[in-house]
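Below is one structure, written out as structure tokens, with a few remarks after it.
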Ligand code: FES
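Residue numbers (the numbering used here): 285 to 614.
Below is the structure:
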């Protein structure tokens with residue numbers, strides 16, 4: 285399923301970077317067991333670019349890594365706020381933030397991007413684990429615009445895993461916390477779908493099995509897929525890094541060899557080219573490119589099975605090629 289506003293073929297390759305801003309790690313607090321709130325303030329005190337509920341920033345870390353994180357309301361124009369979960373197997377960006385990300389650290393953020401936008405009208409929000417973060421912003425936006433019909437269902441395995449509860453408390457009984465260990469069962473997604481107003485859009489963010497189950501429940505109940513928006517933080521498949529094929533950039537005629545161990549995006553970057561990305565794991569749709577010749581090896585969660593079969597578009601951050609040559613509209 286396409287996420288939010290994804291659906292255009294982007295396909296712009298440039299040598300220039302997107303507008304980024306320096307920020308300082310202003311405050312660190314805990315928002316639940318293993319979840320930390322990072323408050324990032326503009327170094328020059330000027331307002332940071334505005335954003336809407338569901339948006340991400342990409343946070344560039346001091347170790348050369350960049351990671352996307354959902355924005356939380358901060359109450360200040362010069363401040364972004366993100367919540368990040370530490371896991372036992374945290375690697376890369378998350379580990380760096382928890383071990384080296386001290387107050388005063390200088391970081392860089394991208395302009396906000398939104399592939400999970402909140403539409404007008406009734407809404408039912410479903411969050412699992414740290415997937416609650418974009419939904420906290422959506423809940424605040426729904427409350428702010430006076431939306432009468434909305435609910436938030438928040439599922440965690442254990443109560444001590446629930447984050448941001450103090451921020452959700454102000455929404456009263458619109459927010460329902462489900463603790464698997466206490467209920468003895470997983471969140472009943474079929475019931476949530478059945479009880480949702482027919483005109484409500486469903487917004488969900490969480491682990492892949494929860495999102496798949498919600499989509500199945502919604503489709504089984506006769507809902508149009510277009511009324512369900514999901515945001516993934518887990519890849520649905522490993523990236524295609526087998527390499528051994530050539531990518532032709534049709535607009536310039538440039539031919540790029542993609543060696544084993546890298547993706548098309550990696551090969552572009554190695555050649556000094558860049559294109560827009562956010563998640564870099566096949567979840568957001570921002571790197572979508574039209575395929576003019578060849579057969580992609582799809583690894584994303586953005587295109588529907590029919591679109592993947594059609595083969596006229598692909599996500600170059602994670603998908604590869606099943607043919608020796610792939611001609612892209614780049
Ligand atoms: S950057 Fe998100 S799908 Fe490729």
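Ideal placement from N, C-alpha and C gives every residue a C-beta, glycine not left out. Keep in mind that this is a model prediction, so the values were computed, not measured.
Should residue i be labelled buried (16 or more other beta-carbon atoms within 10 Å of its own) or exposed?
i, result
"residue 579", "exposed"
"residue 584", "buried"
"residue 418", "buried"
"residue 352", "buried"
"residue 387", "exposed"
"residue 547", "buried"
"residue 303", "exposed"
"residue 354", "buried"
"residue 344", "buried"
"residue 493", "exposed"
"residue 471", "buried"
"residue 536", "exposed"
"residue 288", "Below a pLDDT of 50, predicted positions are generally treated as unreliable, and residue 288, at 32, falls in that range; no measurement from the model is reported."
"residue 293", "Annotation note: pLDDT 46 at residue 293 (below 50); position unreliable, coordinate value reported separately. Per the 10 Å Cβ criterion, exposed."
"residue 524", "buried"
"residue 490", "buried"
"residue 378", "buried"
"residue 399", "buried"
"residue 365", "buried"
"residue 626", "There is simply no residue 626 to check, as the chain begins at 285 and stops at 614 in what is shown."
"residue 286", "Its pLDDT being 37, under 50, residue 286 is placed unreliably in this model, and the coordinates cannot settle the point."
Which residue from the options puts its Cα closest to that of residue i?
i, options, result
"residue 505", "481, 343, 606 and 522", "481"
"residue 350", "507, 472 and 564", "564"
"residue 452", "468, 473 and 427", "427"
"residue 322", "393, 542 and 476", "393"
"residue 325", "465, 561, 397 and 312", "312"
"residue 442", "434, 448 and 413", "413"
"residue 360", "408, 331, 474 and 529", "331"
"residue 395", "341, 516, 470 and 606", "341"
"residue 310", "479, 389, 399 and 379", "389"
"residue 358", "336, 379 and 371", "336"
"residue 369", "363, 561 and 382", "382"
"residue 502", "491, 483, 518 and 305", "483"
"residue 459", "545, 476 and 364", "476"
"residue 410", "356, 403 and 423", "423"
"residue 327", "305, 467 and 595", "305"
"residue 601", "607, 611 and 551", "551"
"residue 559", "416, 612, 319 and 454", "612"
"residue 380", "590, 592 and 320", "320"
"residue 527", "553, 545 and 510", "545"
"residue 454", "420, 462 and 467", "420"
"residue 415", "606, 356, 430 and 457", "356"
"residue 462", "440, 478 and 450", "440"
"residue 599", "522, 457, 543 and 608", "522"
"residue 509", "456, 588 and 457", "588"
Verify whether the separation of the beta carbon atoms of residue i and residue j is less than 8 angstroms.
i, j, result
"residue 499", "residue 520", "no"
"residue 512", "residue 533", "no"
"residue 586", "residue 604", "no"
"residue 555", "residue 576", "no"
"residue 570", "residue 614", "no"
"residue 438", "residue 425", "no"
"residue 464", "residue 317", "no"
"residue 433", "residue 406", "yes"
"residue 549", "residue 561", "yes"
"residue 436", "residue 307", "no"
"residue 495", "residue 474", "no"
"residue 448", "residue 371", "no"
"residue 591", "residue 597", "yes"
"residue 339", "residue 397", "yes"
"residue 385", "residue 362", "no"
"residue 606", "residue 581", "yes"
DSSP has residue i in a bridge; who is on the other side?
i, result
"residue 306", "392"
"residue 597", "574"
"residue 515", "489"
"residue 605", "580"
"residue 459", "436"
"residue 350", "344"
"residue 316", "319"
"residue 586", "According to DSSP, which records beta bridges pairwise, residue 586 is partnered with nothing at all."
"residue 368", "320"
"residue 542", "529"
"residue 399", "Answer by DSSP bridge pairing: none, since residue 399 is not bridged."
"residue 363", "325"
"residue 411", "438 and 489"
"residue 611", "532 and 577"
"residue 473", "Note: residue 473 sits in no beta bridge, so no partner."
With 8 angstroms set as the bound, which would you pick, yes or no: does the beta-carbon of residue i sit closer than that to a beta-carbon of chain B?
i, result
"residue 367", "No chain B appears in the structure shown, which is made up of a single protein chain."
Open item on the list: Using a strict less-than 6 angstroms threshold between each residue's beta carbon and the heavy atoms of ligand 1, what residues do you get?
Closed with: 561, 562, 563, 564, 566, 567, 568, 569, 570, 571, 584, 586, 599 and 601
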